[in-house]
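Participant: Encoded as structure tokens, here's the structure I'll be asking about.
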Amino acid sequence: MVDGTGIARPKMAVAVLAAAILSCIEPGPVAADDAALWRALGSGGHVALLRHALAPGTGDPAAFVLGDCGTQRNLSQEGRDQAARIGARFAANGIERARVFSSQWCRCLETAGRLGLGPVEELPSLNSFFGRFERRERQTRDLRDWLAGQALDQPVVLVTHQVNITALTGVYPGSGELVVVRRSGDGALSVLGSIETD
Numbered sequence: 002m003v004d005g006t007g008i009a010r011p012k013m014a015v016a017v018l019a020a021a022i023l024s025c026i027e028p029g030p031v032a033a034d035d036a037a038l039w040r041a042l043g044s045g046g047h048v049a050l051l052r053h054a055l056a057p058g059t060g061d062p063a064a065f066v067l068g069d070c071g072t073q074r075n076l077s078q079e080g081r082d083q084a085a086r087i088g089a090r091f092a093a094n095g096i097e098r099a100r101v102f103s104s105q106w107c108r109c110l111e112t113a114g115r116l117g118l119g120p121v122e123e124l125p126s127l128n129s130f131f132g133r134f135e136r137r138e139r140q141t142r143d144l145r146d147w148l149a150g151q152a153l154d155q156p157v158v159l160v161t162h163q164v165n166i167t168a169l170t171g172v173y174p175g176s177g178e179l180v181v182v183r184r185s186g187d188g189a190l191s192v193l194g195s196i197e198t199d
């Protein structure tokens with residue numbers, strides 16, 4: 002259906018949604034190269050948003066139960082190997098320890114653990130809302146508020162899902178991709194760029 006503007010309503014709805022997402026985060030400078038992004042992560046005041054490693058499929062089975070990995074979509078062996086390689090990339094760039102927070106989904110917790118950067122703390126605001134989009138605004142706001150209250154005096158890695166990263170940053174990351182975000186003194190977030198880890 003087309004309204005008086007000549008724009009099909011579904012297309013207009015998508016445009017409105019995209020504008021809403023992008024209005025929540027300040028535009029960053031031209032994407033930095035990988036070396037600059039790694040340096041930024043090690044300098045404080047920055048956060049790495051990591052989409053979990055390779056887990057074949059989409060979403061989760063209908064019988065999904067939080068805390069029961071047997072009911073969830075999990076990392077493949079390739080995904081497990083990828084997560085370990087990502088951890089090695091951190092170490093190779095001078096980051097051997099970090100504060101690591103994860104979605105409570107098993108594929109995220111396993112990714113976070115295989116990074117080898119230190120203890121992993123579960124953070125419910127990183128949980129997926131795929132198929133539960135009514136939770137998007139509240140969870141994204143909760144995550145933004147949480148980030149505003151963190152010291153960020155050491156590297157911070159948040160392991161989560163594509164939908165969460167896109168809602169916060171407007172970036173659509175691939176599996177195992179890092180999105181580097183800077184937090185300014187007033188709590189505003191800006192995307193510096195992303196690192197494809199494989």
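Residue numbers (the working numbering): 2 to 199. Glycine included, each C-beta is placed from N, C-alpha and C at the ideal position.
(1) To the nearest angstrom, report how far apart Val180 and Gln78 are at their CA atoms.
(2) In chain order, what residues of the same chain have a beta carbon less than 6 Å from the beta carbon of Thr112, not counting five sequence neighbours either side?
(3) Exposed or buried, what is Phe91 when buried is set at 16 or more other beta-carbons lying within 10 Å of its beta-carbon?
(4) Taking the runs of the beta strand (DSSP E) that are 3 residues or longer, which of them lie wholly in the stretch 115-144?
(5) Return the first residue and the last residue of the alpha helix (DSSP H) that Ala89 is part of.
(6) How is the beta strand (DSSP E) around Thr161 delimited, first residue to last?
(7) May I have the straight-line CA-CA distance separating Arg204 from Trp147, to the nearest angstrom?
(8) So, are the CB atoms of Asn75 and Trp39 less than 9 Å apart?
(9) For Phe102, is the classification buried or exposed, using 16 other Cβ atoms within 10 angstroms of its Cβ as the cut-off for buried?
(10) Among the candidates Thr198, Arg100 and Phe130, whose CA atom is the shortest distance from the CA of Leu169?
Facilitator: Let me spell this out:
(1) 23 Å
(2) His53, Ala54, Ala84 and Val160
(3) buried
(4) 121-123
(5) Gln78 to Ala93
(6) Val157 to Thr161
(7) The displayed coordinates of the chain run from 2 to 199. Any statement about residue 204 would go beyond what the structure contains.
(8) no
(9) buried
(10) Phe130
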